[in-house]
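Going down the list, the sequences are from chains A and B. To convert, note that position 93 of the first sequence is 98 in the working numbering; the numbers rise steadily by one, no gaps. To convert, note that position 44 of the second sequence is 49 in the working numbering; the numbers rise steadily by one, no gaps.
2 protein chains.
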Amino acid sequence: MKGDLSIREVAQATGLSAHTLRYYERIGLLSPVGRDAGGRRRFAARDLDWIAFLQRLRSMGMPIREMCEYAALRRDGDSTLAARRILLQKHFDRVRQEIALLEESANVLEAKIKLYGEMEEAASHFCHPE
Amino acid sequence: MKGDLSIREVAQATGLSAHTLRYYERIGLLSPVGRDAGGRRRFAARDLDWIAFLQRLRSMGMPIREMCEYAALRRDGDSTLAARRILLQKHFDRVRQEIALLEESANVLEAKIKLYGEMEEAASHFCHPE
DNA sequence: CTCCTGCTTTGAGTGCGCTCTAAGTCAAGC
DNA sequence: GCTTGACTTAGAGCGCACTCAAAGCAGGAG
């Protein structure tokens with residue numbers, strides 16, 4: 006079927022390894038992927054969107070466990086919309102907090118780096134006055 | 006000596022566990038801590054600042070390995086100022102990039118959450134028209 | 001003196017998220 | 001038919017950052 010992808014193609018398209026894709030299916034992040042006559046996986050084109058979303062969640066630090074919860078809810082259909090929204094919202098809040106924390110720390114670090122620069126300046130003047 | 010702290014006190018002050026403090030010393034994040042007659046650790050008050058800085062670096066996702074490098078440079082004195090600055094700068098850049106990435110993802114997620122909200126709205130109108 | 005608590009050490013165990021190995025299957029190319 | 005190479009599976013292994021266990025000692029309370 007057109008739009009059908011081998012695990013290799015999906016790996017290349019997503020940047021995940023074939024190992025990881027199998028692992029994701031095993032733990033339920035991906036619903037069981039179709040197989041060809043030889044038992045090889047054939048991904049649907051729209052699986053790519055889902056995988057991209059999974060990558061987005063991972064990049065935001067959502068633990069695999071929670072992503073599995075989300076995936077399970079998704080499989081249960083429209084009746085889980087609210088539950089899914091709540092799950093995402095919870096993580097969204099954590100991410101916003103994490104961003105704020107990182108930003109504060111980054112500012113402190115930046116100040117420290119600047120200080121180091123000044124200390125190096127001073128040291129070089131001390132060694133080579135004028 | 007005044008300003009001398011037991012491992013328990015340092016744990017409480019920093020939020021790290023006593024286990025973790027011993028671990029940090031073992032791997033060289035903390036230079037060897039003084040002991041009392043009974044072999045028990047006695048932290049100096051200024052160790053707290055260093056530990057706080059370590060926590061800052063950890064919270065920014067610096068790997069322990071790099072923190073050890075930094076700690077080793079620090080022990081080698083003023084001649085390593087530039088090397089330390091470079092190490093921090095490298096991590097600072099990574100953090101800024103990570104923040105940008107998180108922010109972008111958070112925005113995408115926010116949009117998705119909003120969409121979920123609208124879908125729930127629409128569904129409830131469908132079930133209870135007018 | 002005995003008991004208890006809190007520390008000491010070395011080294012093993014844990015949870016996470018992959019990552020890889022081993023052994024086997026299948027389809028294509030020579 | 002045989003080889004090659006990409007795939008399959010179940011399950012083991014890895015790197016990180018802790019976290020805990022076991023065995024033992026030091027000092028204080030009773």
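The beta-carbon is built from N, C-alpha and C at its ideal position, and this holds for glycine as well. Small disclaimer: the values here were computed from a predicted structure and weren't measured.
The beta strand (DSSP E) with residue i in it runs from where to where?
i             : result
R89 (chain A) : Where R89 (chain A) is concerned, there is no enclosing beta strand (DSSP E), although the alpha helix (DSSP H) it sits in stretches over 86 to 132.
How would you write the range of the alpha helix (DSSP H) that residue i sits in, first residue to last?
i             : result
A49 (chain B) : Segment 46 to 49 is the beta strand (DSSP E) holding A49 (chain B); no alpha helix (DSSP H) there.
A42 (chain B) : Per DSSP, A42 (chain B) belongs to no alpha helix (DSSP H) and is neither H nor E.
M72 (chain B) : 69 to 80
Helix, strand or coil for residue i, going by three-state DSSP, please let me know.
i             : result
A59 (chain A) : The residue asked about is misnamed: residue 59 (chain A) is Leu in this sequence, not Ala. Reduced to three states, the DSSP call for L59 (chain A) is helix.
L35 (chain B) : coil
L53 (chain A) : helix
L21 (chain B) : coil
Closest to residue i by CA distance: which of the options is it?
i              : options                       : result
I12 (chain B)  : B:G33, B:A49, B:Y121          : B:A49
I62 (chain B)  : B:F97, B:A23, B:G33, B:A87    : The amino acid occupying residue 62 (chain B) in the given sequence is Leu; Ile does not appear at that position. Of the listed residues, the one whose Cα sits closest to L62 (chain B) is B:F97.
S110 (chain B) : A:E115, A:E103, A:A116        : A:E103
R99 (chain B)  : B:M65, B:Q60, B:A23, B:R31    : B:M65
D41 (chain A)  : A:S84, A:D9, A:E74, A:M124    : A:D9
L92 (chain B)  : B:D83, B:L78, B:M124, B:L26   : B:L78
E3 (chain A)   : B:C132, B:L114, B:K95, B:S84  : Residue 3 (chain A) is absent from the structure shown; chain A starts at 6 and stops at 135.
R51 (chain B)  : B:A116, B:L35, B:R45, B:G43   : B:L35
R101 (chain A) : B:R101, B:N112, B:K95, B:Y28  : B:N112
R46 (chain A)  : A:L59, A:A128, A:Y28          : A:Y28
I118 (chain A) : B:A128, B:A105, B:R89         : B:R89
A57 (chain B)  : B:H130, B:A16, B:S129         : B:A16
A1 (chain B)   : A:I69, A:L107, A:A87          : The structure shown does not extend to residue 1 (chain B), since chain B is modelled only from 6 through 135, so no value can be given for it.
D81 (chain B)  : B:T25, B:G33, B:E123, B:G122  : B:G33
M94 (chain B)  : B:E108, B:A105, B:M67, B:L120 : Looking at the sequence shown, residue 94 (chain B) is not Met but Gln. Among B:E108, B:A105, B:M67, B:L120, the Cα nearest to that of Q94 (chain B) belongs to B:M67.
Q60 (chain B)  : A:G122, A:P37, A:L107         : A:L107
A76 (chain A)  : A:G39, A:A116, A:E30          : A:E30
T19 (chain B)  : B:G122, B:D54, B:L114, B:G44  : B:D54
I69 (chain A)  : A:A116, A:T25, A:G44, A:P37   : A:T25
Per DSSP, residue i is paired with what?
i             : result
L10 (chain B) : B:F48
Does the beta carbon of residue i fall short of 7 Å from some heavy atom of the ligand SAM?
i             : result
M72 (chain A) : For the ligand SAM, the structure offers nothing, since it holds no ligand at all.
Going along the segment 95 to 122 of chain B in order, which residues come within less than 8 Å of chain A, judged by CB to CB distance? Here the close residues are H96, F97, V100, R101, E103, I104, L106, L107, E108, S110, A111, V113, L114, E115, K117, I118, Y121, G122.
Against chain A, which members of the segment 71 to 86 of chain B pass a CB distance test of less than 8 Å? Under the 8 Å Cβ criterion, the segment 71 to 86 of chain B contributes D83, L86.
Just by C-beta distance, which residues in the segment 34 to 61 of chain B are closer than 7 Å to chain A? Within the segment 34 to 61 of chain B, R61 place their CB atoms closer than 7 Å to a CB of chain A, listed in sequence order.
Given a limit of 7 Å on CB to CB distance, which residues of the segment 6 to 34 of chain A reach chain B? Per Cβ criterion, the list is empty.
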